[in-house]
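Working notes, structure below.
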Amino acid sequence: MELFSFWSWLALGTLLLILEVFGAGGYLLWIGMAAAAVGVLTFVIPDLPWELQVLLFAVFSILTALYWWRRQHSVVRASDQPNLNLRGQELIGKVFVVSEAIVDGRGKIKVADGVWMARGPDTASGSRVRVVGQQGAILLVERAD
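Here the numbering used here is used: the first residue of the sequence shown is 4, the next is one more, and so on.
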């Protein structure tokens, strides 16, 4: 039995695709596809020298890896929820109740089931304020008269 038969290439391709399932992040997928492509070529052209098979595998691996890399880096990932996981940004424009009076520009406001630090004009506890911005974990507010 020949060392570089089409079965060997297909087995290598299958093994790499199986390993990809366990989390290689896309790398082994394309190398496995290259091995499968060489396997198909070896089936179609059975007298392909082993040196050419290895060279084709290397070339196909590089080309498919470059294709994958270019595809990953060219995709613009526009989100329909650009503020996802940016809770403070999601709160801008919303009105909340002051839970701890804002004195000397600092206080706390009640947001859903939590309390956020707030910075803004002096405002009595129980008053309503509108979030106008965010600095780190501090919400910038103004009176919502």
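Think of the CB as a built atom: it goes at the ideal place given N, C-alpha and C, for glycine as much as any other residue.
query                                                                                                                                                                      : result
The beta strand (DSSP E) that contains residue 92, what's its start and end?                                                                                               : Taken as a continuous stretch (DSSP letters only), residue 92 belongs to no beta strand (DSSP E), being part of the alpha helix (DSSP H) at 90 to 94.
Measure the C-alpha to C-alpha separation of residue 141 and residue 13 and round it to an integer number of angstroms.                                                    : 58 Å
For residue 77, collect the residues of the same chain with a Cβ closer than 7 Å to its Cβ; drop the 5 residues on either side in sequence, then sort them by chain order. : none
Going by C-alpha to C-alpha distance, which of 115, 58, 81 sits closest to residue 93?                                                                                     : 115
Determine the DSSP secondary structure at residue 34, reduced to helix, strand or coil.                                                                                    : helix
Buried or exposed for residue 56, going by 16 or more other Cβ atoms inside 10 Å?                                                                                          : buried
Could you tell me the alpha carbon to alpha carbon distance between residue 22 and residue 31, rounded to whole angstroms?                                                 : 7 Å
What does the alpha-carbon distance come out to for the pair residue 8 and residue 65?                                                                                     : 21 Å
Does residue 65 come out as helix, strand or coil in the three-state DSSP assignment?                                                                                      : helix
Could you work out which residue in 17, 128, 104, 91 is closest to residue 136 when comparing CA atoms only?                                                               : 91
What is the DSSP secondary structure of residue 39, reduced to helix, strand or coil?                                                                                      : helix
If you follow the beta strand (DSSP E) that residue 136 is in, where does it begin and where does it stop?                                                                 : 131 to 138
In this structure, how does DSSP classify residue 48 when only helix, strand and coil are distinguished?                                                                   : coil
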